[in-house]
Structure formats: structure tokens, C-alpha cells
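**Student:** Take this structure first; my questions come after.
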Amino acid sequence: MLHALSFDVEEYFQVANLRGHFARGDWETVAPRIDVGMNAILAALDRHHAQATFFFLGWIAERHPELVRRCVDAGHEIASHGYEHSFLQDLDGPAGLDRDLARTEAALVAAGAPRPIGFRASTFTLTRATWWAFDVLARRGYRYDSSVHPVRHPVYGVPDFEPGISTVRAADGTEIVEFPVATWPFLGRNLPVGGGGYFRLLPVRVTEAALAGLEKRGRPSVLYLHPWEFDPAQPRCPAPALKRWRHYLNLDRTLPRLEHLLARHRFGTMRAVLAEQGRTFEERVLPRY
Ligand SMILES: [Zn+2]
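All you need for the working numbering is the position in the sequence shown, starting with 1, plus 1391.
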């Protein structure tokens, strides 16, 4: 079974966890490090002849169009992670998300990518409170979303949501495919095994057991990682102890773990996995921007 490999392309200083340390207004003053992680990721994918989906921030695509082009040239899928990592609830409602998406699409297209059909919200902030985002995504021609996290979490998550591939109907009747990152049911809860701190904390065999278990249930997995997780030498900054621990834990293990998985399992883009699961997308006339 083909599983989806995805990367949220953002700088270490744009991560929600470190927000208290890097104000939005300071981003321009911080030395970029995105190349370090992207070089490691693209080389590993190349070595294993694997494809992935890269959810780019528009902010990154504007400043590093060559990274978008390198991904396109290597056959990877380009999707949208929004413009500047804003939580959906902090955007100015549907109109604010519409502007944010338009700006990101423009940056991706200017960098040489096709217009994206996939979206992942910053920090899984597509929740019942921001469900209107599906209406905006439908209007802008998106075909799939990977923002709903079916877990219990104080800030995000829709714990009772279908953890496999499902369909959400937007207000205008358009169907959007929802393809959440991988979770594993454990003691009545869904554990987020598809990435983040769990991927670096738990032994890689836990990830593999989850992949195999989900596969047995007929479900492909979505793994999600970030370029900063492949950059053990990134500057350390002061943050509350738990956030620090979660961000810096085992950064030197991400690459060998990914290579281990790439050598033993089949990974492809979100779009390729959806196609293998019978979800193909016909071309649609998109609104201009
Ligand atoms: Zn992100």
C-alpha cells in the first residue's frame, strides 16, 4: 500500500510552539535555515526514489522560490500551508482566509508550481469552530484538505472525526476530500503517530506498527514532518520547558528514521495516495485571482 509523506515547509522560528519567542514582526531579522532541512529531505527522497507533498507557507515560497522549483523539478507535489502560519481562528473569518490563500497561491505559482489543490492549516486549526474554512477552500478550487486532526488536544482537534479518508461537503455543495495525518486508536483515544514529537520520541518500530496496523484496516497513512526537524544545529532559544523539550527532542534521529521508513515502505504524494484509493480529481475551471 502506498502511504503519503508530507512536509510542512516553514522555518523553525515560525513554529507555533516557539511563538512566544519569535514575534511575527521579527521574522525578517532571523537568519534563514530552511535550506538545511530541505537539502536533507530532498536528498533522502532522491536516494530512495520517493515522492512527497510539500505544504509550503506562502511566506517561504516568496523568499525561497528556488525551493519550490526544486520540489517541482523532482516530481513532488506542491500544496498550501497558508501564507504566514496564522491559526485559522486568527484570520479575519472567511474573507481573511480567502486573502491568505490567494496570496499563497500567487507565491507558489510565481515560483513555478501549478496552482495547489491541497491545503493543510497551520497547527491543525481547522476545527468545528473554523469549519467555514471548507467553504473557502471549495470556492478557491481546493480538492483535498489535511487539516482536521482527529485527536483530543487543548488547542486543536476534532476527536470524533473519521480518522481515515472521508468527504466533507462545503456550503455550495462541492465535495472536499479530507485526508488527516495518521492516528492510531489506543485506550479510547487517537494517538497522533503520523509525526511531530511522537515521531521523534517513540522508537521507529512504533511508527511501523501503526503503519502496518492501519494498512490491515485498509487505511493508508499520512506522515508529516518539517524541515526544522532535520536541522539538529538550529539555534536554541529559551521557551517553556515542555515546549523546548518537544521542539528539540531527538532532532538528530529524524533523518535516519525517515530513511529507515523509506527503505521499507512505499511512500508517495498525497495526491498519488488518494488516486490509489480511488479519489481522482478531474480538472475544474478555477476562479481567477
Ligand atoms: Zn506548520
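Don't be surprised by glycine CBs; every beta carbon is placed ideally from N, CA and C.
Below 7 Å, is the gap between the Cβ of D1399 and the nearest heavy atom of ligand 1?
**Tutor:** Translated into positions along the sequence shown, residue 1399 becomes position 8. At least one heavy atom of ligand 1 is nearer than 7 Å to the Cβ of D1399, so yes.
**Student:** Would the beta-carbon of H1476 be found less than 7 Å away from any heavy atom of ligand 1?
**Tutor:** One-based indexing of the sequence shown puts residue 1476 at position 85. Yes.
**Student:** To the nearest whole angstrom, what separates the beta carbons of L1479 and T1444, a pair I think is in contact under 8 Å?
**Tutor:** Numbered from 1 along the sequence shown, position 88 holds the residue referred to as residue 1479. Numbered from 1 along the sequence shown, position 53 holds the residue referred to as residue 1444. That belief does not hold up - the Cβ atoms of L1479 and T1444 are roughly 20 Å apart, past 8 Å.
**Student:** Does the distance between the C-beta of T1514 and the nearest non-hydrogen atom of ligand 1 fall short of 7 Å?
**Tutor:** Looking up residue 1514 in the sequence shown gives position 123. Yes, the Cβ of T1514 comes within 7 Å of a heavy atom of ligand 1.
**Student:** Work out the CA separation of L1582 and H1656 for me, nearest whole Å.
**Tutor:** In the sequence shown, counting from the first residue as 1, residue 1656 sits at position 265. In the sequence shown, counting from the first residue as 1, residue 1582 sits at position 191. Roughly 21 Å separates the two Cα atoms.
**Student:** Quick one: give me the first and last residue of the alpha helix (DSSP H) that P1576 is part of.
**Tutor:** Counted from its first residue, the sequence shown places residue 1576 at position 185. It is not in any alpha helix (DSSP H) - P1576 instead sits in the beta strand (DSSP E) that spans W1575 to F1577.
**Student:** Alpha carbon to alpha carbon, how far is F1607 from Q1625?
**Tutor:** For the purposes of this step, residue 1607 is taken as residue 216 along the sequence shown, with counting starting at 1. For the purposes of this step, residue 1625 is taken as residue 234 along the sequence shown, with counting starting at 1. It should be pointed out that residue 1607 corresponds to Lys in this sequence rather than to Phe. Roughly 38 Å between the two C-alpha positions.
**Student:** What residue ranges within the stretch 1560 to 1622 form continuous alpha helix (DSSP H) runs of no fewer than 4 residues, ordered along the chain?
**Tutor:** Correct list: 1587 to 1592 and 1595 to 1607.
**Student:** Write down every uninterrupted run of the beta strand (DSSP E) in the stretch 1462 to 1487 whose length is 3 residues or greater and which is fully enclosed by it, in chain order.
**Tutor:** You should have 1468 to 1471.
**Student:** Could you check whether R1490 and I1508 sit closer than 8 Å to each other, using their CB atoms as the reference points?
**Tutor:** Within the sequence shown, residue 1508 is the residue found at index 117, counting from 1. Within the sequence shown, residue 1490 is the residue found at index 99, counting from 1. It is not a contact, given that the beta carbons lie outside the stated cut-off.
**Student:** What does a CB cutoff of less than 7 Å around F1510 pick up in its chain, not counting 5 residues either side in sequence?
**Tutor:** Here residue 1510 refers to the residue found at position 119 when the sequence shown is read from its first residue. A1470, S1471, L1528, Y1533, D1536 and S1538.
**Student:** As a quick exercise: from P1545, L1646 and S1513, pick the residue whose alpha carbon is nearest that of R1410.
**Tutor:** Taking the sequence shown and counting its residues from 1, the one referred to as residue 1410 is at position 19. Measuring from the Cα of R1410, the nearest candidate turns out to be S1513.
**Student:** Give the DSSP bridge partners of G1509, in chain order.
**Tutor:** Looking up residue 1509 in the sequence shown gives position 118. Per DSSP, Y1535.
**Student:** Ligand 1 and H1412: does any heavy atom of the ligand fall closer than 7 Å to the residue's C-beta?
**Tutor:** As a position in the sequence shown, residue 1412 is number 21, starting the count at 1. No, the Cβ of H1412 stays beyond 7 Å of every heavy atom of ligand 1.
**Student:** Quick one, are the C-beta atoms of P1541 and P1571 less than 8 Å apart?
**Tutor:** Position 150 of the sequence shown, counted from the start, is the residue given in the question as residue 1541. Position 180 of the sequence shown, counted from the start, is the residue given in the question as residue 1571. Their beta carbons are under 8 Å apart, which means P1541 touches P1571 by this criterion.
**Student:** DSSP state of T1444, grouped into three classes?
**Tutor:** Position 53 of the sequence shown, counted from the first residue, corresponds to residue 1444. Here T1444 sits in strand by DSSP.
**Student:** Out of A1407, E1401 and A1395, point me to the one whose CA is closest to Y1372's CA.
**Tutor:** This structure cannot settle anything about residue 1372, because the visible part of the chain is limited to 1392 through 1680.
**Student:** Looking at chain B, is there any beta carbon in it that lies within less than 8 Å of the beta carbon of P1611?
**Tutor:** Of the protein chains in the structure, only one exists, and it is not chain B.
**Student:** Between the beta-carbon of F1446 and the beta-carbon of V1500, is there less than 8 Å?
**Tutor:** Locating residue 1446 in the sequence shown gives position 55, where the first residue counts as 1. Locating residue 1500 in the sequence shown gives position 109, where the first residue counts as 1. No, the Cβ-Cβ distance between F1446 and V1500 is not below 8 Å.
**Student:** How do the stretch 1642 to 1649 and the stretch 1612 to 1628 stand: do at least 3 beta-carbon pairs fall below 8 Å, yes or no?
**Tutor:** Touching, yes.
**Student:** Where do the ends of the alpha helix (DSSP H) carrying R1635 lie?
**Tutor:** Start at 1 with the first residue of the sequence shown, and residue 1635 comes out as number 244. A1632 to Y1639 is the extent of the alpha helix (DSSP H) around R1635.
**Student:** Using alpha carbons as the reference points, say which of F1658, G1609 and D1563 lies closest to R1530.
**Tutor:** For the purposes of this step, residue 1530 is taken as the residue at position 139 of the sequence shown. Of the listed residues, the one whose Cα sits closest to R1530 is D1563.
**Student:** Look at A1395 and V1568 and say whether their C-beta atoms are less than 8 Å apart.
**Tutor:** Residue numbering aside, residue 1395 sits at position 4 when the sequence shown is read from its first letter. Residue numbering aside, residue 1568 sits at position 177 when the sequence shown is read from its first letter. Result no, Cβ atoms of A1395 and V1568 do not sit closer than 8 Å.
**Student:** Please go through the same chain and pick out, in chain order, the residues whose beta-carbon is closer than 8 Å to the beta-carbon of E1599, but skip the five residues on each side of it.
**Tutor:** For the purposes of this step, residue 1599 is taken as residue 208 along the sequence shown, with counting starting at 1. Here the set comprises L1652, R1655 and H1656.
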